[in-house]
Structures are given as structure tokens and as C-alpha cells.
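*Asks:*
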Amino acid sequence: MHTRRAAQESILPLATLLLLALTVAGPLWGPGLLNTRGGGDSPFLLLRTHQLATNLRAGVFPARWMPDAAYGFGYPFFSYYAALPYYLAASVTLSGLDILSGIKLTQTLFFAAAALGMYGWARRALHSRPGGWLAAVAYALAPFHLVNVYVRGDSLSEFAAFAFYPLILWGLDHLAAHPSFRRTLPPALAYAGLILTHNISALIFSPFILLYITFHVLRFTLHASRSPPGKPLSYCSLFIVSLF
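Our numbering numbers the first residue of the sequence shown as 1 and each following residue consecutively.
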């Protein structure tokens, strides 16, 4: 009985957050292209996804060039703009779905990833399942998060970046609790994902990551008198490794 209740307490927050993500993404799944900004920039998503799928279908990886852009002259869009979400949408397209469904599925997945990532980090940081759940709900419904999809329209990468912020912090907390080289991998991979998803967001968020690492290092230093000599230095080194 106790095991069943514990399982329900673990699964219920995740299930409700997934339901919330599907609800928030619901308007995307209407017929046709989402109308944003009175006509909006959403068609750019079709162009970028189509051109990336064209590259992948031709065996070009990583893609650098949009061959049919700029009136057929081509445009080096993927050399300057982080495009990880477009790779996901294009891969879905190559699997047989149409481009529009690939974009909608990608947006829905990142709605869910952002909510679940925030729940994981906030639950650990607050030591509370209800607190983590409430933080995840607020994060999923944050105005700018929704604006990127339902107002701006074309900002798929900036929208997807929201999934990586809590994953980075969650990984750093996990590393701080029990420092080891193996535990540098989750925050490092999450940070790499952020850079490959939206490089400008990574540039903006990086100072906050450094502040967060500094907080953990200072907190550890306060208790360093109980540690063996040299352990604070190795502790700092693990955080640095996680960023590179």
C-alpha cells in the first residue's frame, strides 16, 4: 500500500504536467498554419525546416546552407543560427510526416520538456514536490514562453531554449551534491544543447550559470575546513569541466 501511494505521488505530478503541456500546445494543432502577428512570421518555420530537410535528404550534415533561399541564390542561414530544434523537426519530416506536423510536434515536445525540466530542478532545489510542481506550472505558462509560439511565431529556437535552462541548473545541483567527473556530463550536455538550440540565449544565460556555480563553490568553501586538503580545488575543477 505504501509503495503504491509513493508511486502515485511520483507519477501524478509528471502526468499532470504532461497534460498541461498538451493543453498549452493544443491551439497549435488546429488546421493549417498558426496565424501570428496578423499573418505573422510562422511561414519562416516552414522555410527553415524544409531547407534543413532538403540538406539532410541529400546527405549534408551538418547543414550550412539554405539552397533555395534568397530567390534561389542560397543563404548560409545555418552557419549563423543555432538550429537544433529544426534538426528535430526536419528529422520528423524525413520519417514521413509533413513539415507542418513536424514543427507542431517539435513545439509540443519542447513545451513538455520545459515543464518537466523545471519540475525536476525546482523539486530538488525546494525539497518539495508541490513546490516543484507549482514552479513548473508557472514556467510552462510564463508569458514570454507563450509569446515565442503564439505571438512571435518564428522563434522556435528561442522557445526551445526554455527546456535547457532548468536542466543546466538541475545538473549543477546534482554535481554539487556528489562531485564526480561522471556527474559533469549532464550539465555539460544540457549547456551544449542550449548553445546548439539558440546561441544568443546561451550568451545571455551564461553569466547566470557562472553566478550559480560561484554560489555552489562559496557554499562548499564555507565547509571546506572539514574536507581533505585540495578537495575545494578539485571541486571547482569539476564545475569548470562541466562548462567545457
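For every residue, glycine included, the Cβ atom is placed at its ideal position computed from N, Cα and C. All values derive from a computational prediction rather than experimental measurement.
Excluding the five sequence neighbours on either side, which residues of its own chain have a C-beta within less than 7 Å of the C-beta of W29, listed in chain order?
*Replies:* Along the sequence shown, one-based indexing puts residue 29 at 29. Here the set comprises K104.
*Asks:* Hey, quick one: how far does the alpha helix (DSSP H) through A135 stretch, first residue to last?
*Replies:* In the sequence shown, residue 135 corresponds to position 135, counting from 1. Start and end: R129 to A140.
*Asks:* Got a sec, what are the start and stop residues for the alpha helix (DSSP H) T184 sits in?
*Replies:* Sequence index remark: in the sequence shown, residue 184 carries index 184 (1-based). Careful: T184 lies outside any alpha helix (DSSP H) and carries neither H nor E.
*Asks:* Verify whether the separation of the beta carbon atoms of A53 and G117 is less than 9 Å.
*Replies:* Along the sequence shown, read from residue 1 onward, the residue named residue 53 stands at position 53. Along the sequence shown, read from residue 1 onward, the residue named residue 117 stands at position 117. Their beta carbons are not under 9 Å apart, which means A53 does not touch G117 by this criterion.
*Asks:* I'd like the list of long-range same chain contacts for P67, defined as Cβ closer than 8 Å, with 5 residues on each side in sequence excluded.
*Replies:* Translated into positions along the sequence shown, residue 67 becomes position 67. Same-chain partners within the cutoff: Q51, T54, N55 and G74.
*Asks:* Would the segment 13-23 and the segment 134-148 be scored as touching if the rule is three or more Cβ pairs under 8 Å?
*Replies:* Yes, they touch.
*Asks:* Using only the alpha-carbon positions, how far apart do V24 and E158 sit?
*Replies:* For the purposes of this step, residue 24 is identified with residue 24 of the sequence shown, where counting begins at 1. For the purposes of this step, residue 158 is identified with residue 158 of the sequence shown, where counting begins at 1. Their Cα atoms are separated by approximately 17 Å.
*Asks:* Excluding the 5 residues flanking G32 on each side, which residues of the same chain have their C-beta closer than 8 Å to its C-beta?
*Replies:* Here residue 32 corresponds to residue number 32 of the sequence shown, with the count starting at 1. Excluding sequence neighbours, G32 sits near L100.
*Asks:* With 16 other CB atoms within 10 Å as the buried threshold, where does L156 fall?
*Replies:* As a position in the sequence shown, residue 156 is number 156, starting the count at 1. Counting Cβ neighbours within 10 Å, L156 comes out buried, since at least 16 surround it.
*Asks:* The alpha helix (DSSP H) that contains R123, what's its start and end?
*Replies:* Here the question's residue 123 lines up with position 123 in the sequence shown. Taken as a continuous stretch (DSSP letters only), the alpha helix (DSSP H) holding R123 covers I99 to L126.
*Asks:* Considering only DSSP beta bridges, list what Y75 is partnered with.
*Replies:* Within the sequence shown, numbered from 1, the residue matching residue 75 stands at position 75. Its beta-bridge partners are M66.
*Asks:* Closest to S10 by C-alpha separation, out of G120, L97, L172 and A83, would be which residue?
*Replies:* Locating residue 10 in the sequence shown gives position 10, where the first residue counts as 1. Among G120, L97, L172 and A83, the Cα nearest to that of S10 is on G120.
*Asks:* For the structure I just gave you, are there three or more beta carbon pairs, one from the segment 143-153 and one from the segment 167-176, closer than 8 Å?
*Replies:* No: fewer than three Cβ pairs fall under 8 Å.
*Asks:* Taking buried to mean at least 16 other C-beta atoms within 10 Å of its own C-beta, is Y87 buried or exposed?
*Replies:* Numbered from its first residue, the sequence shown carries residue 87 at position 87. So Y87 ends up on the buried side.
*Asks:* How far does the alpha helix (DSSP H) with V149 in it extend, from its first residue to its last?
*Replies:* Position 149 of the sequence shown, counted from the first residue, corresponds to residue 149. It spans P143 to Y150 - the alpha helix (DSSP H) in which V149 sits, taken as one unbroken run.
*Asks:* Can you give me the Cβ contacts of H216 inside the same chain, cut-off strictly under 6 Å, excluding the 5 residues immediately before and after it?
*Replies:* By one-based count along the sequence shown, residue 216 stands at place 216. So the qualifying residues of the chain are A176.
*Asks:* Which ranges would you report for the alpha helix (DSSP H) in the segment 17-52 if only whole runs of at least 4 residues count?
*Replies:* Listed in chain order, nothing qualifies, since the segment 17-52 has no complete alpha helix (DSSP H) run of 4 or more residues.
*Asks:* Helix, strand or coil: how does DSSP classify D154 here?
*Replies:* The residue given as residue 154 occupies position 154 in the sequence shown. Coil, per DSSP.
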